[in-house]
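Novice: Chains as they are written, first to last, in the working numbering: chain A, 1 to 449; chain B, 450 to 632. Please find one structure pasted underneath; my questions will follow.
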């Protein structure tokens with residue numbers, strides 16, 4: 001007898017189960033390509049254990065998204081006001097259809113990642129207006145995947161899958177259709193800022209492989225307490241009818257732990273200064289190595305290019321002289337630029353663009369080719385969400401939790417210099433730092449950034 | 450018209466938050482999202498945020514990211530209220546200094562900021578959702594009658610009754626007229 005359910009052993013979730021249709025997704029060329037895309041780009045040059053791939057992460061996201069869907073759609077977990085706004089919750093056929101769409105979307109949410117994931121998609125490496133989300137949608141709409149969607153009963157609409165896979169932030173630009181309240185909730189289950197399965201899986205998986213404890217949190221308890229809720233009221237009157245993902249009061253400590261884990265992982269791992277400069281060096285290399293300095297957006301070309309091929313190109317270039325070899329050596333021979341400045345609150349309060357001012361001055365002093373900057377901001381992830389209290393009322397999470405109120409946003413500003421300038425640049429900065437930072441004036445004219 | 454740069458834009462958003470609160474708005478994120486939408490789309494202040502129709506009406510993920518960055522850069526903070534209410538967003542001392550530094554750009558758009566704060570300051574979140582959605586629908590489908598607008602709002606947000614949608618569409622028309630006469 002042919003088996004219809006299958007399972008894969010997983011380092012985080014022990015076993016991940018799927019059916020024969022989902023197996024076709026997993027066995028497809030776009031999904032198998034993810035076996036060769038590192039989840040954390042070149043992080044393994046800092047944390048050697050970080051060699052896990054988008055392949056197993058995508059399986060994990062399907063597993064968690066399905067569990068969240070099961071919990072939040074349980075009839076006893078849905079209040080009458082939410083059911084009125086989301087009639088899909090009362091229709092068995094709809095629930096069956098959308099659960100399949102959700103699982104497929106969770107599997108496919110990272111299909112469009114370029115080699116080395118996010119590191120490879122900034123600074124003009126893709127044509128203007130393109131992101132990995134566009135490529136994900138291209139894969140989902142491709143003929144190879146359409147055949148899988150059409151073979152299901154009922155067939156899955158590719159754009160339903162695409163919407164949930166990329167979420168509203170990018171999806172609204174790519175897919176020419178509005179997100180209904182129901183679709184917005186389902187997209188949040190996968191890629192949502194606060195409770196998304198994507199975030200839960202990457203925190204658990206990354207911390208496991210890197211070997212750090214602070215990315216872990218009690219995701220079992222967290223998922224069991226998730227609910228679809230109306231937002232909390234505001235004192236000026238009115239309470240929105242449009243529901244969103246929230247939590248039962250008993251799960252508050254679990255979400256605190258998740259958001260603290262996220263802050264710690266960004267501060268210690270994702271924003272690690274050496275990891276960040278390797279991303280910059282990789283982009284410098286790709287701009288020189290790729291044809292026309294950009295990735296192709298043709299699906300067939302993407303099959304030919306994964307971390308494997310780029311790593312081989314780096315290793316080969318490092319054996320040769322010339323510009324490409326020098327760019328490769330920054331990674332292969334670890335000749336990376338060194339940080340001379342990183343953000344601190346005192347500077348930011350004087351000049352919000354302190355790092356930019358230092359970068360500009362350092363570029364003038366040491367030559368633009370010898371200086372790099374990096375800036376990023378990541379929120380604690382929507383720490384303001386509805387909480388279902390024990391007496392049945394809806395309360396803002398921030399009024400219940402001082403921890404949520406005080407989790408800082410993770411943020412970096414770095415300025416790096418070529419290694420041979422490090423000592424001089426450090427002394428130069430010590431001498432000029434205050435003047436550079438305090439020189440900011442109001443920009444009177446309008447300008448485009 | 451060229452777009453404002455990041456810090457100029459932050460200064461305008463902080464100024465809007467201040468004026469909304471002065472007009473007795475709760476000024477949570479939903480209030481600020483709708484007010485910035487009106488400021489950008491109706492009064493044409495070149496903020497450069499991308500808005501989509503999403504939960505609670507027009508919504509900008511760019512603006513959300515900007516608010517996160519402003520909190521990270523100590524310009525904006527949550528003001529926590531007693532249970533069960535959601536937080537308000539208020540400028541910090543650093544945010545107030547930023548407004549002083551960009552006082553000329555704030556001066557240039559003060560009339561528009563004041564107009565929006567006056568129009569929306571007293572509205573509840575449910576009113577803001579309806580008005581924001583009606584304005585979004587109108588701008589995506591101009592020209593459009595009040596009845597056509599109301600029907601589309603009701604289609605997009607079935608929990609908004611036709612009567613309430615029609616009232617929102619009429620309010621949008623009044624705001625457009627008021628803005629036109631204030632030029």
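Think of the CB as a built atom: it goes at the ideal place given N, C-alpha and C, for glycine as much as any other residue.
#1: Roughly how many whole angstroms lie between the Cα atoms of residue 466(B) and residue 21(A)?
#2: In angstroms, rounded to a whole number, what distance separates the CA positions of residue 208(A) and residue 35(A)?
#3: Is the Cβ-Cβ distance between residue 59(A) and residue 189(A) less than 8 Å?
#4: Name the chain A residues that come within less than 7 Å of residue 558(B), Cβ to Cβ?
#5: Put residue 375(A) into one of helix, strand or coil per three-state DSSP.
#6: Could one say the Cβ of residue 498(B) lies closer than 8 Å to chain A's Cβ atoms, at least one of them?
#7: Please report the Cβ distance between residue 327(A) and residue 288(A), rounded to the nearest whole angstrom; I am assuming they are in contact, meaning their Cβ atoms lie under 8 Å.
#8: Based on the DSSP secondary-structure assignment, which residues constitute the bridge partners of residue 596(B)?
#9: Please list, in chain order, all residues of the same chain as residue 445(A) whose beta carbon is under 6 Å from its beta carbon, the five residues on each side excluded.
#10: Looking only at its own chain, which residues have a Cβ that is under 8 Å from the Cβ of residue 27(A), when we skip the five neighbours before and after it?
#11: I'd like the span of the alpha helix (DSSP H) that includes residue 537(B), first residue to last.
#12: Buried or exposed: which applies to residue 487(B), given that a residue is buried once 16 or more other Cβ atoms fall within 10 Å of its Cβ?
#13: Please confirm whether residue 594(B) has its beta-carbon closer than 8 Å to some beta-carbon of chain A.
#14: Note the first and the last residue of the continuous alpha helix (DSSP H) segment covering residue 176(A).
#15: Counting only beta-carbon atoms, is residue 507(B) nearer than 8 Å to chain A?
#16: Taking the CB atoms as reference points, tell me whether residue 455(A) and residue 384(A) lie closer together than 8 Å.
#17: With residue 316(A) as the anchor, note down where its alpha helix (DSSP H) starts and where it stops.
#18: Would you mind stating whether residue 262(A) and residue 203(A) have Cβ atoms separated by less than 8 Å?
#19: Taking only beta-carbon atoms, is residue 523(B) less than 8 Å away from chain A?
#20: Take residue 159(A) as the anchor and find which of 82(A), 66(A), 108(A) has the nearest alpha-carbon.
#21: Between which two residues does the alpha helix (DSSP H) harbouring residue 565(B) extend?
#22: Given a limit of 7 Å on CB to CB distance, which residues of the region 155 to 171 of chain A reach chain B?
#23: Strictly below 7 Å CB to CB, what residues from chain B border residue 91(A)?
#24: Considering only their Cβ atoms, is the gap separating residue 227(A) from residue 72(A) smaller than 8 Å?
#25: Reducing DSSP to helix, strand and coil, say where residue 448(A) ends up.
Specialist: On the basis of the coordinates in this document:
#1: For residue 466(B) and residue 21(A), the distance between alpha carbons rounds to 51 Å.
#2: Cα to Cα, residue 208(A) sits roughly 18 Å from residue 35(A).
#3: Result no, Cβ atoms of residue 59(A) and residue 189(A) do not sit closer than 8 Å.
#4: Here the premise fails: no neighbours, minimum Cβ distance about 11 Å.
#5: Note: residue 375(A) maps to strand in three-state DSSP.
#6: Taking Cβ atoms only, chain A never reaches closer than 8 Å to residue 498(B), which makes this a no.
#7: Going by Cβ atoms, the distance from residue 327(A) to residue 288(A) rounds to 6 Å, so yes, they are a contact pair.
#8: Answer is none; residue 596(B) lacks a bridge partner.
#9: The predicted model places residue 445(A) with a pLDDT of 43, which falls under 50 and marks its position as unreliable; any figure quoted below should be read in that light. Taking residue 445(A) as the centre and dropping the five residues before and after it, the same chain places no C-beta closer than 6 Å to its C-beta.
#10: Within the same chain, and ignoring the five residues on either side of residue 27(A) in sequence, no residue has its Cβ closer than 8 Å to its Cβ.
#11: Judged by DSSP secondary structure, residue 537(B) falls outside any alpha helix (DSSP H) and instead within the beta strand (DSSP E) spanning 537 to 540.
#12: Burial call: buried.
#13: No, no contact with chain A.
#14: No alpha helix (DSSP H) contains residue 176(A), which DSSP labels as neither H nor E.
#15: With 8 Å as the cut-off, residue 507(B) does not count as an interface residue toward chain A.
#16: Nothing can be reported for residue 455(A): it is not among the residues displayed for chain A, which extend from 1 to 449.
#17: Run containing residue 316(A): 307 to 318, per the alpha helix (DSSP H) assignment.
#18: A distance below 8 Å separates the beta carbons of residue 262(A) and residue 203(A).
#19: Interface annotation, residue 523(B): in contact with chain A, CB-CB separation under 8 Å.
#20: Ranked by Cα distance from residue 159(A), the first of 82(A), 66(A), 108(A) is 108(A).
#21: Per DSSP, residue 565(B) belongs to the alpha helix (DSSP H) from 559 to 569.
#22: Contact residues of the region 155 to 171 of chain A toward chain B are 168, 169 (C-beta to C-beta distance below 7 Å).
#23: The premise fails here: residue 91(A) is roughly 15 Å from chain B at the closest Cβ pair, so nothing lies under 7 Å.
#24: Yes, Cβ-Cβ distance for residue 72(A) and residue 227(A) is below 8 Å.
#25: Its pLDDT being 39, under 50, residue 448(A) is placed unreliably in this model, and the value from its coordinates should be taken loosely. In the structure shown, residue 448(A) adopts coil according to DSSP, grouped into three states.
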